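In the working numbering, the protein residues as written are 602 to 933.
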Amino acid sequence: MSDAIPTIARVHALDGELHAFVHLTEERALAEARNAERAIMAGAPRGPLHGIPIGLKDIVDTKGIPTTCGSKFLQDNIPDTDAACAEKLAAAGTVLMGKLTTHEFADGGPSFDLPAPPARNPWNTGHFTAGSSSGTGAGVAAGLILGGIGTDTGGSIRGPAALCGIAGIKPTYGLVSRAGVAPAAYSLDHIGPMAWTAEDCALMLQALASHDPRDPASAARPIPDYTAHLGSGIKRLKIGVIHHFHEVDHKVSDGTQRGIDAALATFRDLGAELREVQVSPLQDWAACGSLISMTERAAAYEEWSRTRLGDFSERLGSRLMLGAFISGVDYV
Numbered sequence: 602m603s604d605a606i607p608t609i610a611r612v613h614a615l616d617g618e619l620h621a622f623v624h625l626t627e628e629r630a631l632a633e634a635r636n637a638e639r640a641i642m643a644g645a646p647r648g649p650l651h652g653i654p655i656g657l658k659d660i661v662d663t664k665g666i667p668t669t670c671g672s673k674f675l676q677d678n679i680p681d682t683d684a685a686c687a688e689k690l691a692a693a694g695t696v697l698m699g700k701l702t703t704h705e706f707a708d709g710g711p712s713f714d715l716p717a718p719p720a721r722n723p724w725n726t727g728h729f730t731a732g733s734s735s736g737t738g739a740g741v742a743a744g745l746i747l748g749g750i751g752t753d754t755g756g757s758i759r760g761p762a763a764l765c766g767i768a769g770i771k772p773t774y775g776l777v778s779r780a781g782v783a784p785a786a787y788s789l790d791h792i793g794p795m796a797w798t799a800e801d802c803a804l805m806l807q808a809l810a811s812h813d814p815r816d817p818a819s820a821a822r823p824i825p826d827y828t829a830h831l832g833s834g835i836k837r838l839k840i841g842v843i844h845h846f847h848e849v850d851h852k853v854s855d856g857t858q859r860g861i862d863a864a865l866a867t868f869r870d871l872g873a874e875l876r877e878v879q880v881s882p883l884q885d886w887a888a889c890g891s892l893i894s895m896t897e898r899a900a901a902y903e904e905w906s907r908t909r910l911g912d913f914s915e916r917l918g919s920r921l922m923l924g925a926f927i928s929g930v931d932y933v
């Protein structure tokens with residue numbers, strides 16, 4: 602029966618320490634796994650994701666299943682519709698294992714004053730996973746799920762994927778609909794897959810990508826076969842390298858530098874063309890990103906910020922206050 606039963610057993614064995622899940626949909630997962638098995642045995646598979654156990658970051662609306670956004674505000678929130686990305690993965694035949702830990706409203710850092718504890722890194726539970734797609738990173742890395750949905754506003758797919766040793770894709774803006782997903786910063790928010798391998802991410806992105814009029818930023822564009830060139834190698838691929846980001850603007854540790862050098866050497870050995878790129882200092886990009894993110898987040902949660910600021914985590918509450926003091930003139 603699919604991979605759902607061994608995966609559920611693994612969740613029960615490991616998640617008490619990892620905290621990847623905030624809500625395990627065990628009965629639903631078993632029912633979906635049985636349905637998938639019957640369809641596959643009858644010669645009617647829906648595609649490569651049919652029967653695959655996945656999880657959804659807990660800012661993704663799920664019909665009849667709590668969606669708390671990691672916040673005290675939404676502990677009793679049970680949506681009556683699915684988010685677009687949940688619809689797409691369900692249509693592809695995936696088995697929903699449950700909802701995954703997130704930092705509050707996808708704000709990118711662990712907090713200890715939230716309803717649920719932060720997810721731990723499966724490779725070393727004394728460490729965290731980065732965020733805010735923390736539960737997705739931990740769940741995939743620990744084998745609790747084979748893939749999951751993350752969101753990325755300022756690194757929230759890429760960070761947990763890197764720290765947990767898995768694959769993650771921040772897709773082109775507008776490629777995956779954000780309908781039914783709680784906002785962090787509207788002009789920066791992306792929905793994307795996280796999984797063990799690039800191939801698995803490509804298969805998930807194939808199911809997720811489409812135009813959706815419910816998302817005003819959704820782009821109407823042809824959807825290619827994302828798996829078509831996975832075996833083609835990277836010979837003659839041009840890769841820009843911004844050395845001054847990590848060597849001058851924000852000098853990284855010796856260990857991190859060795860990792861960067863090794864990765865660049867691997868790309869070069871595989872035939873890629875590495876080209877040094879000069880752009881504005883990293884500090885400029887960080888300042889602009891923070892201004893946009895804090896302002897748009899403050900706008901999204903203005904009402905609660907005015908009336909119940911103390912119910913936010915200390916981290917997010919302070920960022921919302923800062924965002925409220927950024928004027929429209931400064932933002933533009």
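Just so it is clear, CB atoms sit at the ideal spot from N, CA and C, and this is done for glycine as well. Note that the structure is a prediction, hence the values are computed from the model and not measured.
Non-local C-beta neighbours of Thr695 in its own chain, meaning closer than 7 angstroms and more than five positions away in sequence, comprise Leu650, Ile653 and Ile655, ordered along the chain. Excluding residues up to 5 positions away in sequence, Thr608 and Arg611 lie with their Cβ nearer than 8 angstroms to the Cβ of Gly744 in the same chain. Residue range Glu627 to Met642 is occupied by the alpha helix (DSSP H) that includes Glu627, with no beta strand (DSSP E) assigned at that position.
Taken in chain order, the whole beta strand (DSSP E) runs of length 3 or more contained in the segment 782 to 822 are 791 to 796. Around the C-beta of Lys836, fewer than 16 other C-beta atoms lie within 10 Å, and the residue is accordingly described as exposed. Put simply, the backbone Cα of Ala900 is about 8 angstroms away from that of Ala925. Judged by DSSP in its simplified three-state form, Gly749 adopts strand. When DSSP states are grouped into helix, strand and coil, Arg869 belongs to the helix group.
Within the DSSP secondary-structure output, Phe622 pairs in a beta bridge with Leu701. Leu675: not part of any beta strand (DSSP E); DSSP gives it neither H nor E. In the three-state scheme derived from DSSP, where H, G and I count as helix and E and B as strand, Thr663 is classed as strand.
Taking the Cα positions, Glu904 is about 48 angstroms away from Leu838. If you keep only unbroken beta strand (DSSP E) runs of at least 3 residues inside the segment 858 to 931, you get 874 to 877. The bridge partners DSSP lists for Lys658 are Leu701. Counting only runs of at least 3 residues, the segment 704 to 747 fully encloses the following beta strand (DSSP E) elements, listed from N- to C-terminal order: 725 to 729. One alpha carbon belongs to Pro667, the other to Gly727, and they sit about 28 angstroms apart. Taken atom to atom, the span from the alpha-carbon of Ala785 to that of Asp708 is near 7 angstroms. For the pair Ile843 and Gln884, the CB atoms are not nearer than the 9 angstroms cut-off. Between Pro716 and Phe622, the alpha-carbon positions lie close to 13 angstroms from each other.
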